[in-house]
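Trainee: Mind the numbering: the sequence shown is residues -21 to -1, 1 to 78 in mature numbering (1 follows the signal peptide of the UniProt record, and there is no 0), read in order.
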Amino acid sequence: MYMKLLVIVLFLCHLTCLNYAEENAEAANLEQVFKDMDTNGNNKVTKKEVSKYLQTKGLGMEPDSDDFKRIVQSFFDSYDKNKDKAITVDEFAPKKDEL
Ligand SMILES: [Ca+2]
Ligand SMILES: [Ca+2]
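Here it is in structure tokens:
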């Protein structure tokens, strides 16, 4: 069960890695994923929004379970670079010209 979730997190990380190597189409995809996660549209994705998003992906996990919390936490650790407990679009889908 945990392995399955880990694969999903790795897949999301992989999407970000692709963003560095591939054309802007990949960045557009990431921005779309970001918008899907940012349910209140304030251009920041909170842990709560990540949890909701992952749940809608049909993981079939209890939101209060330790495994699920661990997944959300590792997702956050990967993307929240300045540790302000919110992921911005720049953190999630960095633009090439900022590298
Ligand atoms: Ca938000
Ligand atoms: Ca942040």
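In this text, a Cβ means the ideal position worked out from N, Cα and C, and glycines have one as well.
1) Taking the alpha helix (DSSP H) that residue 44 falls in, what are its first and last residues?
2) Find out if the Cβ-Cβ distance for the pair residue 25, residue 64 is shorter than 8 Å.
3) Taking the alpha helix (DSSP H) that residue 69 belongs to, which residues open and close that run?
4) Could you tell me which residues DSSP puts in a beta bridge with residue 23?
5) Buried or exposed: where does residue 134 fall if 16 or more other Cβ atoms within 10 Å of its Cβ makes it buried?
6) Roughly how many angstroms separate the alpha carbons of residue 29 and residue 21, rounded to a whole number?
7) Between 45, 67 and 44, which lies nearest to residue 55 when the distance is taken from Cα to Cα?
8) What number of angstroms, rounded off, separates the C-alpha of residue 70 from the C-alpha of residue 13?
Mentor: To lay it out plainly:
1) Neither: residue 44 is in no alpha helix (DSSP H) and is coded neither H nor E.
2) Against a cut-off of 8 Å, the Cβ pair of residue 64 and residue 25 comes out as a contact.
3) Following the DSSP letters along the chain, one finds residue 69 inside the alpha helix (DSSP H) bounded by residues 68 to 71.
4) The partner list for residue 23 (beta bridge, DSSP) reads 67.
5) An answer regarding residue 134 cannot be provided, because it is not within the stretch -21 to 78 covered by the chain.
6) The straight-line gap separating the alpha-carbon atoms of residue 29 and residue 21 is approximately 14 Å.
7) Minimum Cα distance to residue 55 is reached at 67.
8) If I take the Cα positions, the gap works out to 10 Å.
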